[in-house]
Amino acid sequence: MREKDISHKHAREVAVSIKGLSIEKARDYLIAVIDEKRAVPFRRYKNQVGHRPDPGVMSGRYPQKTAKEFIKVLDNLESNAEYKGMDLDRLRIVNATVHKGVIVKRFIPRAMGRATPKNNVLTHVELVAKEI
């Protein structure tokens, strides 16, 4: 999916955590993230991120907006696989890639006639599943 309005850093950490899972397990994991029952471990972008009580998670967060968008991408992936006649029970996510997209430039008006730029970076998400 292209040009999603989600955090690039959060999307990268979610993509790393669901890679290698089946579609059903990935969906259950993302629903648990939305309900704040399981944290997404932050391995690269972990400066000033607090610890979580989940086993195996040192630094982590609950990126709910990103998880909701990833569920939409998983639904799209599942429907595409069903259309191609693949067995949904044997599908595994073999590649989960996140790229930076278009920069939406905005300005915030300030005092004395100045303006501060506020850039919003959109995110491209790519999930590839394979029958195993």
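According to my numbering, the sequence shown is numbered sequentially starting from 3. Ideal Cβ positions, reconstructed from N, Cα and C, are used throughout, including at glycine.
Short of 6 Å from the beta carbon of H101, and not among the five residues preceding or following it, lie these beta carbons of its own chain, in chain order: H126. A straight-line Cα-Cα distance of about 9 Å links S24 and L90. Every unbroken stretch of the alpha helix (DSSP H) spanning 4 or more residues and falling wholly within the stretch 56-115 is given here in chain order: 66-85.
By the CB criterion at 8 Å, I8 and E71 fall inside the cutoff. Cβ neighbours of V130 within its own chain (closer than 6 Å, five residues either side excluded): V96, N97. Approximately 17 Å separates the beta-carbon atoms of A41 and R29; this is outside 8 Å, ruling out the contact. In the three-state DSSP reduction, L32 falls in the helix class (H, G or I). Distance between E38 and L93, taken at the CA atoms: about 26 Å. Excluding five sequence positions before and after P57, none of the CB atoms of its chain fall closer than 7 Å to its own CB.
Per DSSP, the beta bridge partners of H126 are H101.
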